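Heads up, the thing below is written out as C-alpha cells.
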Amino acid sequence: MGKVLGYARISTDNGQDIASQKAKLEELGAVVVFCDIANGSKLDGREQLEAALRLLEPSDQLLALHPDRLARDTGDLLTIAKRVVEKGAVLRIDDPKIVFDGTDMASEVLLTLFGLIGSVEKHFIRARQRRGIEAAKLKGVYKGRPATIDPAQVRALRDEGLGATAISRRLNIGRASVYRMLAV
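Here's what the structure looks like:
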C-alpha cells in the first residue's frame, strides 16, 4: 500500500479553522495534508488540490473527510475521482465511507449522489445569500462594493478629447468601464 495524502478545504479563513480537518485526516493515516482556502463550487484556484493530485502515485490514496470538501458539484467531484484513478491511486472519503478505485459502480453512484447533494446545497446557499442582500438593501445597510472609478474623471478626460482606449490606459481600467461611465 502506498502513501495517504489528505486534502482539507475551508471556504474562508474568516472564522473557519482548518486545524480540526487536518488533525482528523492525520488520525486517519494521512502522511501529508494539503489545505486550500477556497470556494468549493469551482476547481479553479485550488493549488493544493492540484499539488496533491500531481503527487499521487500508483497504490496511493487521496483522503478527504467529506465529499463537499473536494467539490460541491457532481461533475467536479467525478473529475477529481477519475484523475485520482488515472494515477493508479484510490479516492477515499471518510464520511460517508466511500472508496473509489474506478472498478466499483456503487462507489461511483455514491459520488454522483453526493455531488448532486453538494450542487443542491450550493443552490440554497446562493439563494439565502441573495435574500440576505436584498433584505439588507431594503434596510439601506447594503450598498454594494464601493465605486473604484470616478465618473467625473472619465468625463473630464473625454472632454479633453481622449478616446475610450486612451482613457482606459490612462486610468488603468477596462475600456468597457469607460463606456459604462460615459453612458451614465
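Read in order, the letters of the sequence shown correspond to residues 1 to 184 in UniProt numbering. Ideal Cβ placement from N, Cα and C applies to all residues, glycine included. All values reported here derive from a predicted model rather than from experimental measurement.
Inter-residue spacing [alpha-carbon to alpha-carbon] between residue i and residue j
i, j, result
"R128", "R54", "36 angstroms"
"V109", "A164", "53 angstroms"
"L25", "A156", "58 angstroms"
"F124", "R130", "10 angstroms"
"K133", "L43", "Checking the sequence shown, residue 133 turns out to be Ile, not Lys. Roughly 26 angstroms between the two C-alpha positions."
"N28", "H66", "According to the sequence as given, residue 28 is Leu; it is not Asn. Approximately 13 angstroms between the Cα atoms of the pair."
"A89", "R126", "34 angstroms"
"P96", "A136", "37 angstroms"
"S168", "K139", "35 angstroms"
"I10", "G115", "17 angstroms"
"P101", "I80", "A quick correction: the sequence has Asp, not Pro, at residue 101. Cα to Cα, D101 sits roughly 12 angstroms from I80."
"D159", "V141", "36 angstroms"
Residue i vs residue j beta-carbon contact at 8 angstroms
i, j, result
"D60", "E47", "no"
"I117", "I149", "no"
"L5", "A30", "yes"
"A8", "V33", "yes"
"V99", "R92", "yes"
As assigned by DSSP and simplified to three states, the class of residue i
i, result
"L53", "helix"
"I149", "coil"
"D159", "helix"
"L91", "strand"
"V32", "strand"
"V141", "coil"
"R46", "coil"
"Q61", "strand"
Integer Cβ distance of residue i from residue j, believed to fall under 8 angstroms
i, j, result
"L77", "L111", "6 angstroms"
"R72", "K122", "5 angstroms"
"A38", "G45", "5 angstroms"
"K82", "L56", "In fact, because the Cβ distance is near 12 angstroms, the residues do not count as touching under 8 angstroms."
Exercise. Any chance the segment 88-106 sits against the segment 139-148, with 3 or more Cβ pairs inside 8 angstroms?
Worked result: Short answer: they don't touch.
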